[in-house]
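Chemist:
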Amino acid sequence: MSIVLVKLKLSLTSNYVLLFHYYLHHLRTSTATPTSRDLLPGLILHWELSRLKPTSATIYNNPTLTFLASTAHTTQHSYVYWFPLLPPSSINILGTSLDLLGTPSRLILHPDVDVLHTSEPTLEANAHEAEVSVYLTTYSVVKSKAKKAVSSLKKDTGAAKMKSFHFTFGLDEENYVSLMNTILSTMGLETQFKATKKKSFCMKIAVPPRKKTKACDVKNFSKYITQARQIVTTKCNKTIIMLIDGKEILESCGKNKGGNGDSEEEDIDEDDSSMSAMEKELAHIRGLLEKEHGNDYDMTYTWLNPNTGEKVPLSPMVMDEWTRAIYSGLADKKHPPTDPYSPHFGSINRQSSIQPFAPRTSSFSCNHLMAAPANPGVVSDLAHLATIMAMITPQTPAHSKTSTPPPDTTIPIKNTPSKLLRFLEYAETNVGVERATQHLLNLQEEGYGPDILDQVDDKDLKILGIKHGDVLHLKRAAPLWLNGPDAKRKVPSAASRASASASLSSSG
Numbered sequence: 001m002s003i004v005l006v007k008l009k010l011s012l013t014s015n016y017v018l019l020f021h022y023y024l025h026h027l028r029t030s031t032a033t034p035t036s037r038d039l040l041p042g043l044i045l046h047w048e049l050s051r052l053k054p055t056s057a058t059i060y061n062n063p064t065l066t067f068l069a070s071t072a073h074t075t076q077h078s079y080v081y082w083f084p085l086l087p088p089s090s091i092n093i094l095g096t097s098l099d100l101l102g103t104p105s106r107l108i109l110h111p112d113v114d115v116l117h118t119s120e121p122t123l124e125a126n127a128h129e130a131e132v133s134v135y136l137t138t139y140s141v142v143k144s145k146a147k148k149a150v151s152s153l154k155k156d157t158g159a160a161k162m163k164s165f166h167f168t169f170g171l172d173e174e175n176y177v178s179l180m181n182t183i184l185s186t187m188g189l190e191t192q193f194k195a196t197k198k199k200s201f202c203m204k205i206a207v208p209p210r211k212k213t214k215a216c217d218v219k220n221f222s223k224y225i226t227q228a229r230q231i232v233t234t235k236c237n238k239t240i241i242m243l244i245d246g247k248e249i250l251e252s253c254g255k256n257k258g259g260n261g262d263s264e265e266e267d268i269d270e271d272d273s274s275m276s277a278m279e280k281e282l283a284h285i286r287g288l289l290e291k292e293h294g295n296d297y298d299m300t301y302t303w304l305n306p307n308t309g310e311k312v313p314l315s316p317m318v319m320d321e322w323t324r325a326i327y328s329g330l331a332d333k334k335h336p337p338t339d340p341y342s343p344h345f346g347s348i349n350r351q352s353s354i355q356p357f358a359p360r361t362s363s364f365s366c367n368h369l370m371a372a373p374a375n376p377g378v379v380s381d382l383a384h385l386a387t388i389m390a391m392i393t394p395q396t397p398a399h400s401k402t403s404t405p406p407p408d409t410t411i412p413i414k415n416t417p418s419k420l421l422r423f424l425e426y427a428e429t430n431v432g433v434e435r436a437t438q439h440l441l442n443l444q445e446e447g448y449g450p451d452i453l454d455q456v457d458d459k460d461l462k463i464l465g466i467k468h469g470d471v472l473h474l475k476r477a478a479p480l481w482l483n484g485p486d487a488k489r490k491v492p493s494a495a496s497r498a499s500a501s502a503s504l505s506s507s508g
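Residue numbers (the UniProt record's numbering): 1 to 508.
Now the structure itself:
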């Protein structure tokens, strides 16, 4: 009994039919020329492997093929013939390297050789290193000239951005993803974009001798493997051309979808990627508000009071406060916040202060305001309005007789170091701003107090070392605290009382 065991490790590739004809010829003499009548029917092994066939799935996942042949005849030699349809490669059997090109080859296997204890032969790796030149088409952001400017991408004029690098092409999906990420890294886009098995961008690949104008579209792995196999099989030693559209990368591999690009691809979506989740949500809410209340004719914003039908202009600061209120769940895009301590939307001063800088069209007395409506509810609202008007317009003897505002509202609350400290202590205790009092000196040095904190730009506060989230909390809490009882209480120290008395005397 003669048993020959041959193990071959094959690097199988997708979309390529691996066709092997293995013939084991057992002849009585080693000098005889094999003919069809010398073949033993029971020893002819014909393997046809293809990833396209379901039966090849197991073989593909475990690419170790074992061929076992036996015969009842006593033979002096065994012959192995193969007719490979593989790319140029070589195979190693029992320490003998054989070329897989040209005419069918023959290897003599002696029956007494212990094949089971030899090292497993392997096929040469299906990989090849080649030079790649990538041409990247870039885009710039342009804004329309309409009153509501809309940003869009416009292809840059001039030559495409070109860079070269060396890459080892393989025949697996990891190699495909690696190529795309290598392109992104070479172009300086790795921080904004990343390719994965599910997120890929289209490439046009021209493998020599194909010209750049005849480049093939590679939109997925199955298309890539065709080009990669050509590179590996031909051992391409010329530069491979790849054409990439920057818009394809932006739309398919962006870490933050929907972001707009910039004139230089290194900066594409950089600002958007650096935004926190809170900032993105606030920006989204602000966009909804602008769409809901925007005026197409002059780029301003107006809220229509559903109770009175009055059109109330909205300033940028008002829009910011409304946005933060929606984010906090205190309002929606159709109904502004009703916080009584809000400087813009409080029930006391909403109708006069919703646009702090809007010009007044006329001046009229408190008597006129309160006598006009017959509805008691409207009278109450106008009484509040009269109180606010008394605070912001010059006082006359007749006017003061008809409406005397409470002393704690007519005298503007003046910012003092003690108020700033108390506000920061309040922010630590009630708002959740950790170590807010540590920012006292920096805020005092810049002259920032709770009376103006909500009007200070976020960037100016972040420069002082305040976290962006804490900035938003402090700006939102400042007007609430300033209109609350804590801001109005007197400091018990004698120095503070003297300072407050001097302040009141000077204002009188």
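Glycine included, each C-beta is placed from N, C-alpha and C at the ideal position.
(1) Taking G432 and M278 to be in contact with their CB atoms under 8 Å, please state how far apart those CB atoms are, rounded to whole angstroms.
(2) Got a sec? Which residues, its chain only, sit under 7 Å from F193 by beta carbon, not counting five neighbours each side?
(3) Across the region 278-297 and the region 219-227, are there enough close Cβ pairs to call them in contact, namely three or more that are closer than 8 Å?
(4) In or out: K488 buried (at least 16 other Cβ within 10 Å) or exposed?
(5) Looking only at its chain, what residues have a beta carbon closer than 6 Å to the beta carbon of Y135, apart from the 5 residues adjacent to it on each side?
(6) Output needed for L461: all residues of its chain with C-beta closer than 6 Å, excluding positions within five of it in sequence on either side, in chain order.
(7) Given a cut-off of 8 Å, decide if H439 and L453 are closer than it, judged by their beta-carbon atoms.
(8) Excluding sequence positions up to five away, which residues of its chain have a Cβ less than 7 Å from the Cβ of Q455?
(9) Looking at A127: is its Cβ nearer than 8 Å to the Cβ of V232?
(10) What did DSSP end up calling C216 once you bin it into helix, strand or coil?
(11) Beta-carbon within less than 6 Å of T29's beta-carbon, same chain only, minus the 5 sequence neighbours each way: which residues are those?
(12) Go to V232, then tell me how far its alpha helix (DSSP H) extends in each direction, as first and last residue.
(13) So what's M187 in DSSP terms, helix, strand or just coil?
(14) Can you check which of these residues, D156, E131, W481 and L189, is closest to F169 by C-alpha distance?
(15) Going by DSSP, name the residue or residues bridged to D245.
(16) Who are the near neighbours of T137 in its chain, counting only those whose CB is closer than 6 Å to its CB and skipping five residues on each side?
(17) Just how far apart, CA to CA, sit A477 and M299?
(18) Under DSSP, the alpha helix (DSSP H) around R317 begins and ends at which residues?
(19) Which whole-angstrom value describes the C-beta separation of L464 and N442, a residue pair presumed to lie in contact below a C-beta threshold of 8 Å?
(20) Would you identify the three-state DSSP class for F169, choosing helix, strand or coil?
(21) Nearest-angstrom Cα distance between K154 and K143?
(22) Along the chain, where does the beta strand (DSSP E) that runs through K459 open and close?
(23) As a quick exercise: from K219, P336 and G447, pick the residue whose alpha carbon is nearest that of I197.
(24) Along the alpha helix (DSSP H) that carries A278, what are the first and last residues, could you check?
(25) Give the secondary structure of T302 by DSSP, where H, G and I count as helix, E and B as strand, and everything else as coil.
(26) What's the gap between the Cα of A283 and the Cα of D457?
(27) Using the C-alpha atoms, what's the distance from L330 back to T338?
(28) Going by DSSP, which residues form a beta bridge with E142?
(29) Between the Cα of N430 and those of G447, D486, S418 and T186, spot the shortest distance and give me the residue it belongs to.
(30) Note the first and the last residue of the continuous alpha helix (DSSP H) segment covering A487.
(31) Among the residues of its own chain, which have a CB less than 6 Å from the CB of T96, if the five just before and after it don't count?
(32) For a test of the three-state rule: what should DSSP assign to F357, helix, strand or coil?
(33) Measure the alpha-carbon distance for A195 versus T186 and round it to whole angstroms.
(34) Give me the DSSP bridge partner(s) of G254.
(35) Residues in its own chain within less than 8 Å of E445 by CB, not counting five upstream and five downstream?
(36) Skipping 5 residues on each side, what residues in its chain have a beta carbon closer than 6 Å to that of R324?
Modeler: According to the structure shown:
(1) In fact, because the Cβ distance is near 14 Å, the residues do not count as touching under 8 Å.
(2) L184, I249, C253, G254 and K255
(3) no
(4) exposed
(5) A160, M162 and L243
(6) V471
(7) no
(8) M317
(9) yes
(10) strand
(11) Unreliable placement is indicated for T29, whose pLDDT of 34 sits below 50; no coordinate value is reported for it.
(12) F221 to T234
(13) coil
(14) E131
(15) T137
(16) A160, D245 and G246
(17) 29 Å
(18) Checking the sequence shown, residue 317 turns out to be Met, not Arg. P316 to Y327 is the span of the alpha helix (DSSP H), which, as asked, contains M317.
(19) 4 Å
(20) strand
(21) 10 Å
(22) No beta strand (DSSP E) contains K459, which is instead part of the alpha helix (DSSP H) from D458 to K462.
(23) Sequence check: residue 197 is Lys here, not Ile. Per the Cα distances, K219.
(24) Residue identity differs from the one stated: residue 278 is Met in this sequence, not Ala. Per DSSP, M278 belongs to the alpha helix (DSSP H) from A277 to H293.
(25) strand
(26) 16 Å
(27) 8 Å
(28) According to the sequence shown, residue 142 is Val rather than Glu. DSSP lists S152 as partners of V142.
(29) D486
(30) P485 to K488
(31) Because T96 carries a pLDDT of 42, less than 50, the predicted location of this residue cannot be relied on, and no value is offered for it.
(32) Model confidence at F357 stands at a pLDDT of 39, short of 50, so the residue's coordinates are unreliable; what they give is reported in the following sentence. Three-state result, F357: coil.
(33) 14 Å
(34) F193
(35) none
(36) R476
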